[in-house]
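Participant: Encoded as structure tokens, here's the structure I'll be asking about.
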Amino acid sequence: QTVWTDIFTWIEGKIEGSTPQKVMRFNDAPWSVDKVVKKTVKHFLWLLIGLLTGISFVAWFTDAYQLWVDLFSFNVAMFAVIVITAFTFGTYLFAGFMREQVCFWLCPYARLQGVMYDQDTLLPAYDAERGEPRGRIKKGQEQQDRGSCVDCHVCVAVCPTGIDIRKGQQEGCITCGLCIDACDSIMDKVKQPRGLIRYASYKELHHNDAPIPLNKRFRVYVYVVILFASLAGIINGFMTLSPTEFKVVHERQPLYVRLSDGSIQNKYTIKVLNKTKETIVIDFKLEGLEGATLHGLSTMSVAPGKIIPVTALVRVPEDAMISDLMPINFIGEVEDNSAIELHYSSMFIGPK
Ligand code: SF4
Ligand code: SF4
7 QTVWTDIFTW IEGKIEGSTP QKVMRFNDAP WSVDKVVKKT VKHFLWLLIG
57 LLTGISFVAW FTDAYQLWVD LFSFNVAMFA VIVITAFTFG TYLFAGFMRE
107 QVCFWLCPYA RLQGVMYDQD TLLPAYDAER GEPRGRIKKG QEQQDRGSCV
157 DCHVCVAVCP TGIDIRKGQQ EGCITCGLCI DACDSIMDKV KQPRGLIRYA
207 SYKELHHNDA PIPLNKRFRV YVYVVILFAS LAGIINGFMT LSPTEFKVVH
257 ERQPLYVRLS DGSIQNKYTI KVLNKTKETI VIDFKLEGLE GATLHGLSTM
307 SVAPGKIIPV TALVRVPEDA MISDLMPINF IGEVEDNSAI ELHYSSMFIG
357 PK
């Protein structure tokens, strides 16, 4: 969200003005040809980025090259069109208009942080004791008459979530530290020591306590255990990734067909995604349902990175149907590679 918001505001800054004041002046100005052109270009670029985001998301789950071919030949699946449209307008809305409101109200990160903090946690914080009373530097005023904060609002302007850190730690803070750098640069200019906004704990700021080393804090060990458990889960997930994806979808219309010889026929769409770098040849068979025979599909060849959908028909003699709903297993055996197993449990539907 932060990256997309930055890109959108960068485009806005380049077209409408580099500061919030310039953008406001541009928006308040009466409508003119120049204003219409600039607004059109801005919204076009925003929508274009949203569209590319949607296409990238869909490409993550399908053959990316085929997706681009389908897009240029206007032959994209309806579900992909819906997802791309949702992402296009979602990105346009979230990064173009809602911006930091998404961080505040939709992102779980701030809530997670709130749960993990305690009074010893180091966070970007404003040293109110040193900074107050804040105020702009006036000619002839002595430094001891005022705090270090010159009330320049630079820390607020750079904050991606629009927080005024001088009001205290807030749930929308993503601890990016931009306000620290911004304030340090102001302190350099007014010849004051850096660190008016700095990483400090609540206890350090309010009770002058020294920071507790990380190795003496129990919750740090708990977090380390959780972190390593998560990493182990991710590594295990990668190590046990299947080299293929195999799905069998039962066609709903019609649920079954009775053939002239009395046997019952069901139709399935079989999809195989080959994630290996070699072409694989798969021999299909059925298990688990007595008398079931496979038609329209026996062997399939799938190129690397390709996903192939095919239609398969399964027929079962009527006397083998002891129920209207019978389990059936689709098995795929990869030629020259017995390590890859394709297995999918589905249902065969007959008359009641
Ligand atoms: S950047 Fe520093 S000096 Fe400026 S308003 Fe923020 S805290 Fe005060
Ligand atoms: S660290 Fe500072 S700039 Fe970053 S989100 Fe928090 S208050 Fe805003």
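Numbering-wise (the working numbering), the sequence shown opens with residue 7 and increments by one. Where a beta carbon is used, it is the ideal one built from N, C-alpha and C, also for glycine. Note that this is a predicted model, so its numbers are computed, not measured.
1) Taking the alpha carbon of ARG142 as the reference point, which residue from ASP157, GLU135, TRP66 and GLU22 has its own alpha carbon closest?
2) Closer than 6 Å by C-beta to GLN198: which residues in its own chain qualify, once you throw out the five before and the five after it? Chain order, please.
3) Can you check whether the CB of TYR262 is closer than 8 Å to the CB of ALA318?
4) What's the C-alpha gap between ILE203 and PHE110?
5) Based on the DSSP secondary-structure assignment, which residues constitute the bridge partners of MET306?
6) Do GLU339 and ILE288 count as a contact pair if the criterion is CB distance below 8 Å?
7) Please find out if some non-hydrogen atom of ligand 1 comes closer than 7 Å to the beta-carbon of ALA188.
8) For THR181, is the beta carbon positioned less than 7 Å from some heavy atom of ligand 2?
9) Would you tell me roughly how many angstroms separate the C-alpha atoms of GLN176 and LEU279, rounded to the nearest one?
10) Whole alpha helix (DSSP H) runs in the region 38-111 with 4 or more residues, listed along the chain?
11) My output table needs one value for ASN242: the three-state DSSP class, helix, strand or coil.
12) Quick one: what's got a C-beta closer than 6 Å to THR8's C-beta in the same chain, skipping five residues either side?
13) Within 10 Å of its beta-carbon, does PRO26 have 16 or more other beta-carbons around it, so buried, or fewer, so exposed?
14) For GLY56 versus THR11, is the C-beta spacing smaller than 8 Å?
Facilitator: Let's see:
1) As a working mapping, residue 142 is identified with position 136 in the sequence shown. Cα-wise, what sits closest to ARG142 is ASP157.
2) By one-based count along the sequence shown, residue 198 stands at place 192. The residues are SER154.
3) As a working note, residue 318 is residue 312 in the sequence shown. As a working note, residue 262 is residue 256 in the sequence shown. Not closer than 8 Å, so no.
4) Within the sequence shown, residue 203 is the residue found at index 197, counting from 1. Within the sequence shown, residue 110 is the residue found at index 104, counting from 1. If I take the Cα positions, the gap works out to 22 Å.
5) Looking up residue 306 in the sequence shown gives position 300. MET306 is bridged to ILE288.
6) On the sequence shown, position 282 is the one that residue 288 refers to. On the sequence shown, position 333 is the one that residue 339 refers to. In contact: ILE288 and GLU339 (Cβ atoms closer than 8 Å).
7) Working through the sequence shown from its first residue, we reach residue 188 at position 182. It does: the Cβ of ALA188 is within 7 Å (strictly closer) of some heavy atom of ligand 1.
8) Taking the first residue of the sequence shown as position 1, residue 181 is located at position 175. Within the cutoff, so yes.
9) To locate residue 176, count along the sequence shown from 1; it is residue 170. To locate residue 279, count along the sequence shown from 1; it is residue 273. About 46 Å.
10) 39-67, 70-78, 84-99 and 106-111
11) Taking the sequence shown and counting its residues from 1, the one referred to as residue 242 is at position 236. In the structure shown, ASN242 sits in a helix (DSSP, three-state: H, G or I).
12) Along the sequence shown, one-based indexing puts residue 8 at 2. Result list for THR8: PRO166, in chain order.
13) Along the sequence shown, read from residue 1 onward, the residue named residue 26 stands at position 20. PRO26 should be labelled exposed.
14) Position 50 of the sequence shown, counting from 1, holds the residue named residue 56. Position 5 of the sequence shown, counting from 1, holds the residue named residue 11. Not in contact: GLY56 and THR11 (Cβ atoms no closer than 8 Å).
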